[in-house]
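Beneath this line is the structure, given in structure tokens, with notes to follow.
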Amino acid sequence: MAKVTAPLFSLDASGGFGETIVYAKWKGIRYARQYVIPANPRTAQQLTQRSYFLQGVNAWHGEDAATREQWNSAAQGRAISGFNLYMQRYLRYLRENNGTAPPSPFLPQ
0 MAKVTAPLFS
10 LDASGGFGET
20 IVYAKWKGIR
30 YARQYVIPAN
40 PRTAQQLTQR
50 SYFLQGVNAW
60 HGEDAATREQ
70 WNSAAQGRAI
80 SGFNLYMQRY
90 LRYLRENNGT
100 APPSPFLPQ
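Counting from 0, one number per residue, gives the positions in the sequence shown under numbering that gives the first Met the number 0.
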């Protein structure tokens, strides 16, 4: 991976240039890399995880404002948002209960 100082004769660049090269920044370091299409093996496990994730997002949108505020409060002092904490716990619940959704409202413990 090449480290760049003035990509495309500018001070900063991000995104792709056609489908050949991608410019980005990671931890303050600008770099360029070849454009690649990520693998998508569509394994049963991957499809299950995507399904769980979709369930979690839909459940979050179905929660009322008071429940979401409880999750935001529970996330205080952590490096994540209330939504991220909700998703973390919701996905764990689904995995531990073979895809059975938790009771609604789903509250932080």
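Note that CB positions come from ideal geometry on N, CA and C, so glycine has one too.
Predicted, not measured: the structure shown is a model, and the values here were computed from it.
Separation of residue j from residue i, as counted between CA atoms
i   : j   : result
L84 : A58 : 13 Å
R41 : M86 : 22 Å
Q48 : I28 : 32 Å
G81 : Y30 : 32 Å
F52 : G61 : 14 Å
D63 : Q69 : 10 Å
Q75 : R88 : 15 Å
N97 : A38 : 26 Å
A78 : A23 : 23 Å
W25 : A43 : 32 Å
Closest by C-alpha distance to residue i, when choosing among the options
i   : options                : result
T19 : T42, M86, Y34 and Q87  : Y34
A73 : A43, E62 and Q108      : Q108
N71 : Q54, R32, L106 and V21 : L106
T99 : S80, S50 and R77       : S50
R32 : A43, A38, N39 and G15  : G15
I36 : V21, Y30 and R88       : V21
L90 : V56, E62 and R77       : V56
Whole-Å CB distance - residue i paired with residue j, under 8 Å assumed
i   : j    : result
T66 : P102 : With 8 Å as the limit, T66 and P102 do not qualify as a contact, their Cβ atoms being about 12 Å apart.
L93 : Q54  : 7 Å
In DSSP terms, what residue i is bridged to
i   : result
W25 : I28
Within the stretch 64–103, note down every full alpha helix (DSSP H) run reaching 4 residues or more, in order along the chain. Fully enclosed alpha helix (DSSP H) runs of no fewer than 4 residues occupy 64–73 and 81–95 of the stretch 64–103, in order along the chain.
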